[in-house]
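Peer 1: Protein chains in written order, with our numbering: chain A, 467 to 717; chain B, 467 to 717.
There are 2 protein chains.
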Amino acid sequence: MRFSPFKRIRAEISSDKHLKQAIKSILGYKPGNIFLYHLAFLHKSVAQMTLSGIKVNNERLEFLGDAILDAVTADYLFKTFPTKDEGFLTEMRSKIVSRATLNKLSQKMGIDQLIQLDTASSGAFRSSKGDAFEALIGAMYLDKGYDFTRKIILERIIKHYFNIDELVNQEVNFKSRIIEWSQREKKQVQFNICDEVGSGYRKQYVVELTVDGEAIARGQDYSIKGAEQNAAEKSWQKINGEIIDPDPKNG
Amino acid sequence: MRFSPFKRIRAEISSDKHLKQAIKSILGYKPGNIFLYHLAFLHKSVAQMTLSGIKVNNERLEFLGDAILDAVTADYLFKTFPTKDEGFLTEMRSKIVSRATLNKLSQKMGIDQLIQLDTASSGAFRSSKGDAFEALIGAMYLDKGYDFTRKIILERIIKHYFNIDELVNQEVNFKSRIIEWSQREKKQVQFNICDEVGSGYRKQYVVELTVDGEAIARGQDYSIKGAEQNAAEKSWQKINGEIIDPDPKNG
Chain A
467 MRFSPFKRIR
477 AEISSDKHLK
487 QAIKSILGYK
497 PGNIFLYHLA
507 FLHKSVAQMT
517 LSGIKVNNER
527 LEFLGDAILD
537 AVTADYLFKT
547 FPTKDEGFLT
557 EMRSKIVSRA
567 TLNKLSQKMG
577 IDQLIQLDTA
587 SSGAFRSSKG
597 DAFEALIGAM
607 YLDKGYDFTR
617 KIILERIIKH
627 YFNIDELVNQ
637 EVNFKSRIIE
647 WSQREKKQVQ
657 FNICDEVGSG
667 YRKQYVVELT
677 VDGEAIARGQ
687 DYSIKGAEQN
697 AAEKSWQKIN
707 GEIIDPDPKN
717 G
Chain B
467 MRFSPFKRIR
477 AEISSDKHLK
487 QAIKSILGYK
497 PGNIFLYHLA
507 FLHKSVAQMT
517 LSGIKVNNER
527 LEFLGDAILD
537 AVTADYLFKT
547 FPTKDEGFLT
557 EMRSKIVSRA
567 TLNKLSQKMG
577 IDQLIQLDTA
587 SSGAFRSSKG
597 DAFEALIGAM
607 YLDKGYDFTR
617 KIILERIIKH
627 YFNIDELVNQ
637 EVNFKSRIIE
647 WSQREKKQVQ
657 FNICDEVGSG
667 YRKQYVVELT
677 VDGEAIARGQ
687 DYSIKGAEQN
697 AAEKSWQKIN
707 GEIIDPDPKN
717 G
């Protein structure tokens with residue numbers, strides 16, 4: 467140990483102060499339990515802190531924050547779009563909380579600057595920014611409660627960083643729409659390449675989409691990605707056809 | 467219209483009273499905005515109510531309730547198991563909020579008795595019980611707020627209907643564990659039958675698990691289900707090997 471215990475304590479206080487100021491400037495409030503926020507930025511590649519003898523990192527907080535963010539976003543969309551169906555709400559949420567969006571958001575807000583990670587260690591750091599963002603939401607929730615967290619997410623994040631009208635008009639990704647739907651409905655979706663048609667530059671892929679093992683629709687395209695989108699779009703129409711009863715008995 | 471307007475109003479008041487009593491006896495509190503609860507039990511097969519000219523049913527509330535239930539369960543597990551990692555928390559949550567569990571719970575609690583559905587209409591009613599359960603959570607949340615809903619879920623549902631120790635020891639389903647993990651991490655998981663080995667009664671299936679298109683592991687078994695479980699278990703070990711750095715630099 468290079469530091470004396472006294473110096474070490476001073477260093478920690480200064481680091482607490484720095485983190486508190488950073489949170490204040492990013493989210494506009496003074497954290498209570500600063501330990502939670504330290505933890506939120508502790509990537510698994512570092513993970514030196516121990517709690518009851520167990521190494522800790524931000525993954526537990528990420529699990530919690532992910533759920534809180536989903537709930538707050540669901541509430542926001544439910545109230546913002548009172549006449550839209552749950553398919554629309556699900557899709558909008560997937561646009562807001564996608565890993566790509568959260569990574570970008572983390573960077574825009576300067577959250578990524580606070581992450582402690584060991585860049586020399588191998589492993590996927592690509593999503594560490596979004597992970598830390600979710601962990602921060604988890605820390606805020608434990609520190610300040612749901613209503614406070616909801617207010618901060620709405621006022622400092624959603625209204626500040628998202629253009630909802632733009633999101634509404636963003637091109638529909640039927641594959642992610644289907645995947646989000648399956649998660650909500652707790653069904654298992656698979657995209658299987660089941661055939662190839664033609665050869666050479668005219669080769670097309672045939673992809674079949676199954677839900678819980680049952681084939682729903684097939685799509686065809688020159689790329690696997692295109693065939694998947696095509697299969698997803700057809701499946702989406704079929705699934706929606708089932709959801710919206712075309713011939714209600716009590717009409 | 468067979469009823470006079472007067473009789474119709476009286477019938478609605480009586481139905482409000484009945485529903486209020488049912489909620490009181492099932493969940494132990496007096497609902498405020500009873501309209502939300504009527505909506506929670508309105509299956510899409512009926513969907514006669516209109517709001518701003520749009521047919522409504524319980525699907526929007528289900529979307530909201532699903533998210534709130536996930537958040538409350540995440541909070542509960544986070545606090546109940548302070549030393550368990552997020553893989554354990556994710557798996558435990560998937561056991562608690564699985565569609566099968568929610569359907570059963572809905573029945574045990576008598577929620578299924580309140581569902582209004584058109585049994586003559588075609589469509590999948592198998593999950594209508596679990597859907598109504600989630601929609602009820604959504605209604606409670608809008609009516610009474612998060613903290614109240616959290617308290618009711620913990621005290622009247624989780625502590626009452628779940629044996630957490632039993633759930634912990636319940637056999638691990640690696641396939642659902644992988645799927646839950648992929649949902650949390652926003653990755654796309656596929657199980658593809660890539661080969662068949664042997665023939666007749668000795669035929670075995672080879673299933674490959676891919677994450678975002680990248681092959682992780684293969685499993686082999688006499689049944690597709692078994693091969694999938696096998697592939698999922700191997701993949702789980704690999705993924706966990708990455709999460710828990712076996713050779714931390716700062717050891």
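Here a beta-carbon is modelled for each residue, glycine too, at the ideal position from N, C-alpha and C.
Which residues in the same chain have their Cβ closer than 7 Å to the Cβ of Lys490 (chain B), if we skip the five residues on either side of it in sequence?
Peer 2: Around Lys490 (chain B): Lys496.
Peer 1: For Leu505 (chain A) versus Leu527 (chain A), is the C-beta distance shorter than 9 Å?
Peer 2: Their beta carbons are under 9 Å apart, which means Leu505 (chain A) touches Leu527 (chain A) by this criterion.
Peer 1: Counting only Cβ pairs nearer than 8 Å, list the residues of chain B close to Ile630 (chain A).
Peer 2: Neighbours of Ile630 (chain A) on chain B: none; closest Cβ ~17 Å, over 8 Å.
Peer 1: For Thr556 (chain A), which of helix, strand or coil comes out of DSSP?
Peer 2: Residue state, collapsed to three classes: helix.
Peer 1: Helix, strand or coil for Arg468 (chain B) per DSSP?
Peer 2: In this prediction, Arg468 (chain B) scores a pLDDT of 45, lower than 50, which makes its location untrustworthy; no coordinate-derived value is stated.
Peer 1: Return the first residue and the last residue of the alpha helix (DSSP H) that Asp644 (chain A) is part of.
Peer 2: Per the sequence shown, residue 644 (chain A) should be read as Ile rather than Asp. That run of the alpha helix (DSSP H) goes Phe640 to Glu651.
Peer 1: Out of B:Lys641, B:Leu535 and B:Leu580, which has the shortest C-alpha to C-alpha gap to Ser594 (chain B)?
Peer 2: Of B:Lys641, B:Leu535 and B:Leu580, the residue nearest in Cα terms is B:Leu580.
Peer 1: Could you tell me if Ala566 (chain A) is buried or exposed, where buried requires 16 or more neighbouring beta carbons within 10 angstroms of its beta carbon?
Peer 2: By the 10 Å Cβ count, Ala566 (chain A) comes out exposed.
Peer 1: If the cut is a Cβ gap below 8 Å, which residues of chain A does Glu552 (chain B) touch?
Peer 2: Chain A residues near Glu552 (chain B): Glu525, Arg526, Glu528 and Phe529.
Peer 1: Should Leu633 (chain B) go down as buried or exposed, given a rule of 16 or more other Cβ atoms within 10 Å for buried?
Peer 2: Exposed: under 16 other Cβ atoms inside 10 Å.
Peer 1: Work out the CA separation of Ser572 (chain A) and Asn523 (chain A) for me, nearest whole Å.
Peer 2: Computed Cα separation, rounded: 18 Å.
Peer 1: Can you tell me which of A:Ser665, A:Asp661, A:Asn706 and A:Ile705 puts its alpha carbon nearest to the alpha carbon of Ala693 (chain A)?
Peer 2: It is A:Asp661.
Peer 1: Under a three-way DSSP split, which group does Ala698 (chain B) fall into?
Peer 2: If DSSP states are grouped into helix, strand and coil, Ala698 (chain B) belongs with the helices.
Peer 1: For Ile619 (chain A), which of A:Ile690, A:Ser689, A:Glu557 and A:Val563 has the nearest alpha-carbon?
Peer 2: It is A:Val563 whose Cα lies nearest to the Cα of Ile619 (chain A).
Peer 1: Counting only the same chain and skipping the five closest in sequence on each side, list residues whose C-beta sits under 6 Å from that of Gly729 (chain B).
Peer 2: Not covered by the structure: residue 729 (chain B). The range shown for chain B is 467 to 717.
Peer 1: Considering only residues of the same chain and omitting the five flanking positions on each side of Gln656 (chain A), which have a CB-CB separation below 6 Å?
Peer 2: Thr676, listed in sequence order.
Peer 1: Assess contact between the stretch 691-706 of chain B and the stretch 663-673 of chain B, defined as three or more Cβ pairs (one per stretch) separated by less than 8 Å. Is contact present?
Peer 2: The answer is yes - the stretch 663-673 of chain B touches the stretch 691-706 of chain B, with three or more Cβ pairs under 8 Å.
Peer 1: Please decide whether Val563 (chain B) counts as near chain A, where near means a Cβ-Cβ distance under 9 Å.
Peer 2: Taking Cβ atoms only, chain A reaches closer than 9 Å to Val563 (chain B), which makes this a yes.
Peer 1: Below 8 Å, how does it come out for the stretch 525-544 of chain B and the stretch 525-541 of chain A: are there three or more Cβ pairs, yes or no?
Peer 2: Yes: the two stretches touch, three or more of their Cβ pairs being nearer than 8 Å.
Peer 1: Helix, strand or coil for Gly498 (chain B), going by three-state DSSP, please let me know.
Peer 2: Coil, per DSSP.
Peer 1: Distance, Cα to Cα, Asp551 (chain A) vs Leu508 (chain B)?
Peer 2: Near 14 Å, if we compare the C-alpha coordinates of Leu508 (chain B) and Asp551 (chain A).
Peer 1: Bridge partners of Leu675 (chain A), per DSSP?
Peer 2: According to DSSP, which records beta bridges pairwise, Leu675 (chain A) is partnered with A:Phe657 and A:Ala683.
Peer 1: Does any residue of chain A bring its CB to less than 9 Å from the CB of Arg650 (chain B)?
Peer 2: At least one chain A Cβ lies under 9 Å of Arg650 (chain B).
Peer 1: Strictly below 7 Å CB to CB, what residues from chain B border Asp532 (chain A)?
Peer 2: In chain order: Arg650.
Peer 1: Give me the Cα-Cα distance between Asp613 (chain B) and Ile500 (chain A), rounded to the nearest whole angstrom.
Peer 2: Approximately 23 Å between the Cα atoms of the pair.
Peer 1: Can the beta-carbon of Gly685 (chain B) be found less than 9 Å from the beta-carbon of Lys704 (chain B)?
Peer 2: Not closer than 9 Å, so no.
Peer 1: Using a Cβ-Cβ cutoff of less than 7 Å, which residues in the same chain neighbour Gln649 (chain A) once the five nearest sequence positions on both sides are dropped?
Peer 2: No residues qualify anywhere along the chain.
Peer 1: Do Asp597 (chain B) and Glu525 (chain B) have their beta-carbon atoms positioned less than 9 Å apart in this structure?
Peer 2: Against a cut-off of 9 Å, the Cβ pair of Asp597 (chain B) and Glu525 (chain B) comes out as a contact.
Peer 1: For Gln703 (chain A), decide whether its Cβ has a neighbour in chain B, counting only Cβ atoms nearer than 9 Å.
Peer 2: Output row for Gln703 (chain A): interface = no.
Peer 1: Short of 7 Å in beta carbon distance, which residues of its chain neighbour Ala681 (chain B), apart from the five on each side in sequence? Order them along the chain.
Peer 2: Glu674, listed in sequence order.
Peer 1: On the DSSP bridge list, what partners appear for Gln582 (chain A)?
Peer 2: DSSP lists A:Leu508 as partners of Gln582 (chain A).
Peer 1: Output the distance between the C-alpha atoms of Ser511 (chain B) and Asp584 (chain B), rounded to the nearest integer angstrom.
Peer 2: Their Cα atoms are separated by approximately 5 Å.
Peer 1: Closest by CA to Lys641 (chain B), which one among B:Met575, B:Glu557, B:Tyr607 and B:Ser481?
Peer 2: Among B:Met575, B:Glu557, B:Tyr607 and B:Ser481, the Cα nearest to that of Lys641 (chain B) is on B:Glu557.
Peer 1: Spell out the partners DSSP gives Glu662 (chain B) in its beta bridges.
Peer 2: Per DSSP, B:Tyr671.
Peer 1: Cβ closer than 8 Å: which chain A residues qualify as neighbours of Ile645 (chain B)?
Peer 2: Under the 8 Å cutoff, chain A gives Gln654.
Peer 1: Going by DSSP in three states, Tyr627 (chain B) sits in which element: helix, strand or coil?
Peer 2: Correct three-state label for Tyr627 (chain B): helix.
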